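Student: Chains as they are written, first to last, in the working numbering: chain A, 3 to 192; chain B, 3 to 192. Take this structure, written in structure tokens, and hold onto it; I'll ask about it next.
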């Protein structure tokens, strides 16, 4: 009964993510997974385009958002955002969808991995089997690069346009994978 | 006996990687893992700095190396390499070490995941439990960005220097993690 108890507890807990709620782009998938007997989600992000502030220390806990969007972006909104450059390094980053799914058994987890592989969501894997069995679903459609350091911006408008364009293309691909993943999760019967 | 038979077969097989041999930077770790009773490696890369050619299709099988180094790089060697720009998109890419380890049981796999977490090799996970139990070890010290498209280079020398500098810093961090991971694997007794 431990799995069922954990599932109940997690679903009752308020979403503790920074954003304070689940992304609209991924909410139907989260609901679908949570409706299955042997699975529930513990965290999720539908994919995003960000600019992050990264201090020289490089520690993840020090990373701060400078800009973040769960949809495609316009060149002009990014350009405007970059009118003021902070002290920290700035990195332009496009992230794939990511989702953590608790599974009742290793066999249930393997079923999710099979579906991930079919969807092209590479880099997915069981990240722990200790207290819970958690599968991390993540795609390979992502990239990031440094754009500013020591209060100086290192790229010109033309290059920024290219970055925005590539990020938007990958966001499209990511959306297609999300849809395909949803369709395959629908075939799971328990 | 299936695990033992598979291990013998894999270790006897010639390394079929593109490079045709195991990177010198990772060979001692590979040997250490293969000396353990319940583990063997199926593939490995110590981390690298690359420029890759990526056609518009974006299919992984179409990706081709334009430059690749398993050590830190000099700005001038990269600059020289970029004197001729091919038709395909060029992406500057720095990759973390990656290793696939076959494990006899899920408990053995979990032990490797614990060590990965302690080392800071995030994104590690059990990628399959079907025919074999395989753990993928991979770090988060990596990045990539587009630098050329339609035979045109989009970045200037100053920015290329910044990319090279960041890539070399991450290669240093990667090297430290490889060392720490080695030390922790040494504590496994079977």
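Heads up, the beta-carbon is just placed ideally off N, CA and C, and yes, glycines get one too. The model shown is predicted, which means the values in this text are computed figures rather than measured ones.
Can you find at least 3 beta carbon pairs, one from the region 172 to 183 of chain A and one from the region 91 to 104 of chain A, that sit closer than 8 Å?
Tutor: Judged by Cβ distances under 8 Å, the region 172 to 183 of chain A makes contact with the region 91 to 104 of chain A, as three or more pairs qualify.
Student: If we define contact as Cβ-Cβ less than 7 Å, is residue 127/A a contact residue for chain B?
Tutor: Closer than 7 Å to some Cβ of chain B, the Cβ of residue 127/A qualifies, so yes.
Student: Would you mind stating whether residue 155/A and residue 87/A have Cβ atoms separated by less than 7 Å?
Tutor: Contact: yes.
Student: Please classify residue 67/A as buried or exposed, where buried requires at least 16 other C-beta atoms within 10 Å of its C-beta.
Tutor: By the neighbour-count rule (16 or more Cβ atoms within 10 Å), residue 67/A is not buried but exposed.
Student: Does any residue of chain A bring its CB to less than 7 Å from the CB of residue 147/B?
Tutor: Answer yes: the Cβ-Cβ gap between residue 147/B and chain A drops below 7 Å somewhere.
Student: Compile a chain-ordered list of the residues in the region 92 to 123 of chain A whose CB is closer than 9 Å to at least one CB of chain B.
Tutor: Flagged, chain order: 93, 94, 95, 108, 109, 111, 112, 115, 116, 119.
Student: From the DSSP output, in three-state form, read off residue 151/A for me.
Tutor: Note: residue 151/A maps to strand in three-state DSSP.
Student: Just to make sure I have the definition right: I need the residues of chain A whose C-beta is within less than 8 Å of the C-beta of residue 87/B. Which are they?
Tutor: Residues of chain A passing the Cβ test: none, with the nearest at roughly 14 Å.
Student: My understanding is that residue 85/A touches residue 192/A, with C-beta atoms under 8 Å, so please give their C-beta distance in whole angstroms.
Tutor: The pair is not a contact, with the Cβ atoms about 53 Å apart (cut-off 8 Å).
Student: Taking only beta-carbon atoms, is residue 34/A less than 7 Å away from chain C?
Tutor: Looking for chain C here will not work: the only protein chains present are A and B.
Student: For residue 52/B, which of helix, strand or coil comes out of DSSP?
Tutor: DSSP places residue 52/B in strand when its eight states are reduced to three.
Student: For the alpha helix (DSSP H) that contains residue 231/A, what are its first and last residues?
Tutor: Look at the range of chain A in this structure, 3 to 192, and you will see that residue 231/A is not part of it.
Student: Could you please give the first and the last residue of the uninterrupted beta strand (DSSP E) stretch that includes residue 71/A?
Tutor: Taken as a continuous stretch (DSSP letters only), the beta strand (DSSP E) holding residue 71/A covers 66 to 71.
Student: Given this structure, state the Cα-to-Cα distance separating residue 90/A from residue 158/B, to the nearest angstrom.
Tutor: Each residue's Cα considered, the two are about 22 Å apart.
Student: With 7 Å as the threshold, decide whether the Cβ of residue 58/B is near any Cβ in chain A.
Tutor: It does not: the Cβ of residue 58/B has no partner Cβ on chain A nearer than 7 Å.
Student: Short of 7 Å Cβ to Cβ, which residues in the region 127 to 141 of chain B face chain A?
Tutor: Within the region 127 to 141 of chain B, the qualifying residues are 127, 128, 129, 130, 131, 132, 138.
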